[in-house]
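Colleague:
Number of protein chains: 4
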Amino acid sequence: MSPDEIRQQLADAIRMLAHAEIVDHSGHGSARRDDRSFYINSAASVRGALTIGDIVTVDLDGTLVEGSARPPFEFHIHSEIYRVRPDVQAVMHTHPRWSTLLTMVGAPYKPVFAQGALLGEIPLVDSPMSVNTRPMGERVAATLAGGTAVLLKSHGAVVVASDVVECFALAAYLEENAYRQYMAMQIGDPYVFSEVEQQAFRERLRTPSLLRKTWDHYWSKL
Amino acid sequence: MSPDEIRQQLADAIRMLAHAEIVDHSGHGSARRDDRSFYINSAASVRGALTIGDIVTVDLDGTLVEGSARPPFEFHIHSEIYRVRPDVQAVMHTHPRWSTLLTMVGAPYKPVFAQGALLGEIPLVDSPMSVNTRPMGERVAATLAGGTAVLLKSHGAVVVASDVVECFALAAYLEENAYRQYMAMQIGDPYVFSEVEQQAFRERLRTPSLLRKTWDHYWSKL
Amino acid sequence: MSPDEIRQQLADAIRMLAHAEIVDHSGHGSARRDDRSFYINSAASVRGALTIGDIVTVDLDGTLVEGSARPPFEFHIHSEIYRVRPDVQAVMHTHPRWSTLLTMVGAPYKPVFAQGALLGEIPLVDSPMSVNTRPMGERVAATLAGGTAVLLKSHGAVVVASDVVECFALAAYLEENAYRQYMAMQIGDPYVFSEVEQQAFRERLRTPSLLRKTWDHYWSKL
Amino acid sequence: MSPDEIRQQLADAIRMLAHAEIVDHSGHGSARRDDRSFYINSAASVRGALTIGDIVTVDLDGTLVEGSARPPFEFHIHSEIYRVRPDVQAVMHTHPRWSTLLTMVGAPYKPVFAQGALLGEIPLVDSPMSVNTRPMGERVAATLAGGTAVLLKSHGAVVVASDVVECFALAAYLEENAYRQYMAMQIGDPYVFSEVEQQAFRERLRTPSLLRKTWDHYWSKL
């Protein structure tokens, strides 16, 4: 994909997450450009109306490489993950309602529906503070380790993937699963998928065509 | 009814269930064509915008008889029920939110409002896995036995009927009842209709004109 | 008011309650014509699109006096109340979500917000069956006695008043109060207004201008 | 700002709160004009369609100074606060759903998300009655003391600030925080921000540019 195609895809992904209320007016997403830089939506951009013009390029210290608008204060989430995870090509920082409610009461996130199994169990950064310093970014990256997602207590979520489409779909699945977990917790103790069940869903559902179908489904709701 | 009329009715039923969020982007419905084949929406079809062109015909082994698009992987739900239930002319596989939440916490489905009495108590397939093999389809059919509906743990529901309109209405009633049961469970222990009360509602409400009124009501919300 | 004005007002009231999801596709409302007859929407009428042409006139035995469409099977609710309550000029039979959920778990309706005080405590008909016979209608009227409203277990509500505008507003207040009571019950034990507080609100809020303001508010949401 | 600019800003703020369902058909907001008078929306104004023409000027006894429409009966909330808090330039009286539900069950309001920290803990007026007399207004002002907000049991909220934009944003944050607190309480015991965490958010988030961003965000949803 060309840089413009990647930036367009990134803008579309964030815009869809904003329409689904998974990103609010201050979430952000990024795509790796190379070892030392990445694309990210600007701090001031309107998430629900994002265009390619809202995507700037910054290096791993947050210095602008392309574009003139300031990146989000929490760019450290992205830079510190790109620094230590060469396999990661895209990062989403979302403010998802149901996932965050689980963190507020100390309830661990559990896979309770098919697509949720693609994320497995998710570690928690046990602080509600903003990730607006390099040490906080390093803490997020360290908690993520080799995984797919991190939850930030009373704050939000971070999801990483090997491309923008997968990152979008996983960010959506995380919240879809959390919604079901939260709603089930209101009337009882939800069944958690066994490791064998999770593995079966991972093998069957983490395919390019199904991830793309999720993208198309959210696209149709714009 | 002509084959085209049945396929149109089937497409309309699935489309209405999608608009009511009872079918999501991967649910499916079918209508029997004869002893050895049935109509079903294709795997790739967009459920909320379904047309007669999205309906294909397959035999009981899932082989395409008419049309060129692939049927859903879970066609076994339909084929195994048609195989052993000659009275069944239509089958809906839905992903209903509230009904599924009940299964997630092991709460049995109970008739708590008038239309819910048409379904009675509903057996559970105690596995969250996809019904994408013939043995899993046989398990669903065996759990259904001579009944009207089956719930699939943490997954969804299957409803059968003697025609598409009735199947649609019962799929809607199942979820309307589950919604009330779930909401009541949040504040207490909902009153379950007695067998005498259920029987009275079955006699009064399972009439072609009332089932059609439900169809028309959902149609008006498209 | 002329008969046509009353019928128009009745159609508007039911239509607004349908848009607020207090009346569903089978609720009904009536206005007294004289000692022996009343106006009511027909059984088949579409509640959310009601016009004056959907209003028929029946006597207290349900026999059509004007119009050609059948009245609802549950016309007995209206006729038996008109028979014994000469002060009542309008009756609404609604299917309100939150009020009904309270009845499903046996939670008594309690005044927990200002407008709810206009209804006070509300007696319950302890049966989920349809009010489609004269004895059931008499039971509803006897439970109502000299009051303003009755709840029907796992079924709905009946509200009476001295004109259509007041009846509409009280039907709306009943559900607005039940919504707050239900939502508060999810996190604790809601404060119930004292008799002195209720009396103060009744004196201040049950005025023609405030009832009309409620009507106008719902009208603005059509 | 000119008087017309302040009145326009006030009308916009109330209109946005009405669209967000934080103000209902009877809430009101004001902005100080001078030591002895303030601007306020009239009692009869339609909150969701407010224009500058709906703003009247009254003195601290509620007597009209400009305009011809009657102020709300509860103008005492505003006048008694302006009387004793010379630093206050704007007051909002809202009827926020989630904040009020907390008061109904006696649950104290707690800062559980970043913007909620700008309000801190909030005192309660332990009466559901209207603030339609000077003594009740004085009671509200005394409970507020030097703070930012007061909750009124089973009734609503009052927020004060140094200008209309800040007052609007704080009224919105109060309800956004209460929503999260309520929802978390349904599944557990939400984490309350420590005093250190609250202080950090107050320093970082109570800036003119972030308050204005909140205003712009709600504006985009009109």
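Residue numbers (the numbering used here), protein chains in the order written: chain A, 1 to 222; chain L, 1001 to 1222; chain S, 2001 to 2222; chain G, 3001 to 3222.
All residues carry an ideal CB built from backbone N, CA and C; glycine is no exception.
From a predicted model like this one, the values you see are computed outputs, not experimental measurements.
Could you pull the DSSP bridge partners for F1038/L from this structure?
Modeller: R1032/L, V1058/L.
Colleague: Quick one: list the residues of chain G neighbouring Y2191/S, beta-carbon separation under 9 Å, in chain order.
Modeller: The answer, in chain order, is T3103, M3104, V3105, G3106, P3128, K3153, S3154.
Colleague: So, is the C-beta of M1/A closer than 7 Å to a C-beta in chain G?
Modeller: So, not an interface residue.
Colleague: Shortest alpha-carbon distance to E2021/S belongs to which of S2194/S, A2044/S, S2099/S, Q2198/S?
Modeller: Measuring from the Cα of E2021/S, the nearest candidate turns out to be S2099/S.
Colleague: Residues of the region 3172-3191 of chain G in Cβ contact with chain A at a cutoff of 8 Å, in chain order, please.
Modeller: Within the region 3172-3191 of chain G, the residues whose Cβ lies closer than 8 Å to some Cβ of chain A are R3180, M3183, A3184, Q3186, I3187, G3188, D3189, P3190, Y3191, listed in chain order.
Colleague: Only counting the same chain, and skipping five residues up and downstream in sequence, which positions put a Cβ closer than 7 Å to that of H1025/L?
Modeller: Excluding sequence neighbours, H1025/L sits near R1047.
Colleague: Determine which residues of the region 3016-3050 of chain G have a Cβ less than 9 Å from any Cβ of chain S, and write them out in chain order.
Modeller: The residues in question are D3024, H3025, S3026, A3044, V3046, G3048, A3049.
Colleague: Over the uninterrupted alpha helix (DSSP H) stretch that includes G2137/S, give me the two end residues.
Modeller: Its alpha helix (DSSP H) spans residues 2134-2144.
Colleague: Run down chain A in chain order and give the residues with a C-beta less than 7 Å from the C-beta of F3113/G.
Modeller: Going along chain A in sequence order, the residues near F3113/G (Cβ under 7 Å) are S154.
Colleague: If the cut is a Cβ gap below 8 Å, which residues of chain L does H217/A touch?
Modeller: Within chain L, the residues near H217/A are H1025.
Colleague: What is the DSSP secondary structure of M2185/S, counted as helix, strand or coil?
Modeller: It is helical.
Colleague: Rounded to whole angstroms, what is the Cα-Cα separation between S3130/G and E2176/S?
Modeller: The alpha-carbon atoms of S3130/G and E2176/S are separated by roughly 18 Å.
Colleague: For a test of your reading of the model: does the CB of L118/A fall under 6 Å from any non-hydrogen atom of the ligand GDP? Yes or no.
Modeller: For the ligand GDP, the structure offers nothing, since it holds no ligand at all.
Colleague: Helix, strand or coil for T214/A? Go by DSSP, reduced to three states.
Modeller: Reduced to three states, the DSSP call for T214/A is helix.
Colleague: Report the three-state DSSP secondary structure of A3157/G (helix, strand or coil).
Modeller: The answer is strand: DSSP assigns A3157/G an E or B state.
Colleague: Could you please give the first and the last residue of the uninterrupted alpha helix (DSSP H) stretch that includes V3084/G?
Modeller: 3076-3084 is the span of the alpha helix (DSSP H), which, as asked, contains V3084/G.
Colleague: Mind reading off the beta-carbon distance from V56/A to A69/A? Whole number of angstroms is fine, and I expect it under 8 Å.
Modeller: About 6 Å separates the two Cβ atoms, so the contact holds.
Colleague: Residue range of the alpha helix (DSSP H) that L2205/S falls in?
Modeller: Its alpha helix (DSSP H) spans residues 2195-2205.
Colleague: With DSSP collapsed to three states, give me the class of L222/A.
Modeller: Three-state result, L222/A: coil.
Colleague: Run through the DSSP bridge pairs and tell me what H93/A is partnered with.
Modeller: Per DSSP, H28/A, V158/A.
Colleague: What does S1064/L pair with, by DSSP beta-bridge criteria?
Modeller: A small fix is needed here, since residue 1064/L is Leu in this sequence, not Ser. According to DSSP, which records beta bridges pairwise, L1064/L is partnered with V1058/L.
Colleague: When the Cα of F1201/L is compared with those of F2038/S, G2062/S, N2132/S, which residue comes out closest?
Modeller: Measuring from the Cα of F1201/L, the nearest candidate turns out to be N2132/S.
Colleague: Determine the extent of the alpha helix (DSSP H) in which L1017/L is found, giving its start and end residues.
Modeller: Residues 1003-1019.
Colleague: For R7/A, which of S42/A, A107/A, L170/A, D35/A has the nearest alpha-carbon?
Modeller: Ranking the options by Cα distance to R7/A, first place goes to S42/A.
Colleague: So, is A2145/S buried or exposed, given that buried needs 16 or more other C-beta atoms within 10 angstroms?
Modeller: With fewer than 16 other Cβ atoms within 10 Å, it is exposed.
Colleague: Take the Cβ of E3074/G as the centre, count every other Cβ of all protein chains shown within 10 Å, and call the residue buried at 16 or more, exposed below.
Modeller: E3074/G is buried by the Cβ-count criterion.
Colleague: Quick check on the DSSP output: the beta strand (DSSP E) that includes V1150/L runs from which residue to which?
Modeller: Where V1150/L is concerned, the enclosing beta strand (DSSP E) stretches over 1149-1152.
Colleague: When the Cα atoms are used, what is the spatial distance from L1102/L to V1158/L?
Modeller: Their backbone Cα atoms lie some 15 Å apart in a straight line.
Colleague: With DSSP collapsed to three states, give me the class of L1124/L.
Modeller: The answer is strand: DSSP assigns L1124/L an E or B state.
Colleague: Is the beta carbon of Y191/A sitting closer than 7 Å to the one on S1154/L?
Modeller: Yes, Cβ-Cβ distance for Y191/A and S1154/L is below 7 Å.
Colleague: Go through its chain and collect everything with a Cβ distance to L2050/S's Cβ below 7 Å, but skip five positions before and after it.
Modeller: Here the set comprises A2011, I2014, R2015, N2041.
Colleague: Here's the rule I'm using: 16 or more other beta-carbon atoms within 10 Å means buried, otherwise exposed. How should M1/A be labelled?
Modeller: Exposed, because fewer than 16 other Cβ atoms sit within 10 Å of the Cβ of M1/A.
Colleague: If we count the other Cβ atoms within 10 Å of its Cβ and call it buried at 16 or more, is S1045/L buried or exposed?
Modeller: So S1045/L counts as buried.
Colleague: Is the separation between the beta-carbon of V1164/L and that of V1150/L shorter than 7 Å?
Modeller: It is not a contact, given that the beta carbons lie outside the stated cut-off.
Colleague: Leaving out five residues on either side along the sequence, give the residues of the same chain with a beta carbon under 7 Å from the beta carbon of A178/A.
Modeller: Taken in chain order, the residues that qualify are P96, W98, S99, L102, Y109.
Colleague: Using the C-alpha atoms, what's the distance from F193/A back to E121/A?
Modeller: Cα-Cα distance, rounded: 11 Å.
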